[in-house]
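Q:
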Amino acid sequence: MTLSSLFSIFANNLLPVFLAAGAGYALAHFTVIDARSISRVAFYIFSPCLVFILLTENQLGNGAIIRMIGFAISQMGLVALLAFAGARLLRFSRQMTVAVVLGGLLPNAGNFGLSVNLFAFGESGLAQASLYFIATAVMAHTAGVYIASLGKSNWKKALYGLAKIPTVYAVFLAFIFLRFGLTLPLPVHRAATVLGDAAVPAMLVLLGMLLRRSDWKGKVRELVLANGVRLLGSPLIAVLLIVPFGLTGVARQAGILESAMPAAVMTTVLATEFEVEPEFMTSVVFTTTLLSPLTLTPILAFLIG
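According to this note's numbering, the residues represented by the sequence shown are 17 to 321, in order.
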């Protein structure tokens, strides 16, 4: 891979993320604004609409959908277990363990991952990557919400809390629409699409606002573990699962590449909403994003070669 190709990947896929987050940083610097209010809008309105539209409008066959989503959920689950094992081994606190697990569980498969896959593998790569992204969205609003709730609640209260999450109902509703061939009335569909389209920019602006108050507080071991699990452990686990799930061709490429993405912006939304180390979580998102070109470059070379 040439130097010009590497620069194109940065300019077309990473730089827009930093620019959008920079707008949020500037907003938080020059005005008094509550980041949690924005996180709640993204969490309770924008994200459910995005998940519903993605699930109901994907055009791939049932076999491809089942294989990729099954692969993604299994892969993310194993990464979360790896992060949990590392956090327990290092005797992290309960809240810090939850934060590290969240950072390992959810890759930035949306605004970052989709664009990188489009650049590397074209429209077919984008279609496969969108399935992985749907799986991350479902995991974020089910397993992610449950794990984040454990920061301050017991498992029974955390499980009960899932019933209050709108995106859980959006997923069930989407599958009902797919099963019976239903469609939304045009005005409702357009409203859901507009609100869903707002999810990614809202989360990027929120990221920038949280970066304004990011505080490492000397948590070097915690950051090293979270970065190592997300950028190194996650793609390695993905490679090991490719054969069992029968992913070949562009599905194999997209699955591995999506798994190697930095920590999702959604983790900052969850951490802010459930008050689980939001400043540390923002640092994980920031550092994994900053370091990701160092790991994505050899992975891309491996996949293309």
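Note that CB positions come from ideal geometry on N, CA and C, so glycine has one too. Just so you know, these numbers come straight off a predicted model, no measurement behind them.
With three or more C-beta pairs closer than 8 Å as the rule, is the stretch 76-84 touching the stretch 198-212?
A: no
Q: Looking only at C-alpha atoms, which of Leu-241, Thr-304, Lys-235 and Ile-181 sits nearest to Leu-286?
A: Indexing the sequence shown from 1 puts residue 286 at position 270. The option with the nearest alpha carbon to Leu-286 is Ile-181.
Q: Buried or exposed: where does Val-207 fall if 16 or more other Cβ atoms within 10 Å of its Cβ makes it buried?
A: What you label residue 207 is simply residue 191 of the sequence shown in a count that begins at 1. Sequence check: residue 207 is Ala here, not Val. Exposed.
Q: Taking buried to mean at least 16 other C-beta atoms within 10 Å of its own C-beta, is Thr-303 buried or exposed?
A: As a first step, residue 303 is located in the sequence shown; it is residue number 287 there, counting from the start. Buried, since its Cβ has 16 or more Cβ neighbours within 10 Å.
Q: Under the rule that 16 or more other beta-carbon atoms within 10 Å means buried, what is Arg-110, buried or exposed?
A: Looking up residue 110 in the sequence shown gives position 94. Exposed, because fewer than 16 other Cβ atoms sit within 10 Å of the Cβ of Arg-110.
Q: Indicate the three-state DSSP secondary structure (helix, strand or coil) for Ala-279 in the structure shown.
A: Reading the sequence shown from its first residue, position 263 is the one you call residue 279. Here Ala-279 sits in strand by DSSP.
Q: Quick one: what's got a C-beta closer than 6 Å to Ser-24's C-beta in the same chain, skipping five residues either side?
A: Numbered from its first residue, the sequence shown carries residue 24 at position 8. Nothing listed; no residue qualifies.
Q: Check whether the Cβ atoms of Leu-98 and Gly-212 lie closer than 7 Å to each other.
A: If you number the sequence shown from 1, residue 98 lands on position 82. If you number the sequence shown from 1, residue 212 lands on position 196. Remark: C-beta atoms of Leu-98 and Gly-212 do not approach each other more closely than 7 Å.
Q: Following the continuous alpha helix (DSSP H) through Thr-47, name the residue where it begins and the one where it ends.
A: Along the sequence shown, one-based indexing puts residue 47 at 31. Run containing Thr-47: none; DSSP gives neither H nor E here.
Q: Would you say the stretch 181-191 touches the stretch 55-71, given that touching needs at least three Cβ pairs under 8 Å?
A: yes
Q: Cβ of Leu-147 within 7 Å of Cβ of Ala-280?
A: On the sequence shown, residue 147 is found 131 positions in, with the first residue counted as 1. On the sequence shown, residue 280 is found 264 positions in, with the first residue counted as 1. Cβ distance not < 7 Å, so Leu-147 and Ala-280 don't count as in contact.
Q: Mapping DSSP to helix, strand and coil, what is Pro-294?
A: As a working note, residue 294 is residue 278 in the sequence shown. Per DSSP, reduced to three states, the secondary structure at Pro-294 is helical.
Q: If contact is defined by three or more beta carbon pairs under 8 Å, each pair taking one atom from either stretch, is the stretch 118-138 in contact with the stretch 265-272?
A: yes
Q: Count the other C-beta atoms from every protein chain shown that fall within 10 angstroms of the C-beta of Phe-46, then say buried if there are 16 or more, exposed otherwise.
A: Residue mapping note: residue 46 aligns to position 30 of the sequence shown, counting from 1. Phe-46 should be labelled exposed.
Q: Output needed for Val-245: all residues of its chain with C-beta closer than 8 Å, excluding positions within five of it in sequence on either side, in chain order.
A: Counted from its first residue, the sequence shown places residue 245 at position 229. Closer than 8 Å at Cβ, skipping near neighbours: Val-95, Leu-98, Ala-99, Gly-102, Val-116, Gly-119 and Gly-120.
Q: Roughly how many angstroms separate the alpha carbons of Ala-159 and Val-48, rounded to a whole number?
A: Walking along the sequence shown from the start, residue 159 turns up at place 143. Walking along the sequence shown from the start, residue 48 turns up at place 32. Cα to Cα, the separation comes out at about 33 Å.
Q: Distance, Cα to Cα, Ile-89 vs Thr-288?
A: The residue you call residue 89 lines up with position 73 of the sequence shown. The residue you call residue 288 lines up with position 272 of the sequence shown. Whole-angstrom Cα-Cα distance: 24 Å.
Q: Among the candidates Phe-188, Leu-247 and Ala-153, whose CA atom is the shortest distance from the CA of Leu-310?
A: Indexing the sequence shown from 1 puts residue 310 at position 294. Closest by alpha carbon: Leu-247.
Q: Let me check one thing: in DSSP terms, what residues is Pro-123 bridge-paired to?
A: Taking the sequence shown and counting its residues from 1, one reaches residue 123 at position 107. In the DSSP output, where bridge partners are listed per residue, Pro-123 has Ala-279.
Q: Would Ile-320 pass as a contact of Pro-251 if the rule is Cβ separation under 7 Å?
A: Position 304 of the sequence shown, counting from 1, holds the residue named residue 320. Position 235 of the sequence shown, counting from 1, holds the residue named residue 251. Contact: no.
Q: Could you say which of Leu-220, Ala-190 and Arg-195 lies nearest to Ala-58 if we only look at CA atoms?
A: For the purposes of this step, residue 58 is taken as the residue at position 42 of the sequence shown. For Ala-58, the nearest C-alpha among the options comes from Leu-220.
Q: To the nearest angstrom, how far is it from the Cα of Gly-224 to the Cα of Arg-195?
A: Position 208 of the sequence shown, counted from the start, is the residue given in the question as residue 224. Position 179 of the sequence shown, counted from the start, is the residue given in the question as residue 195. About 39 Å.
Q: Quick one: is Gly-40 buried, meaning 16 or more other Cβ sit within 10 Å of its Cβ, or exposed?
A: Your numbering for residue 40 matches position 24 in the sequence shown. With 16 or more neighbouring CB atoms inside 10 Å of its own CB, Gly-40 falls in the buried class.
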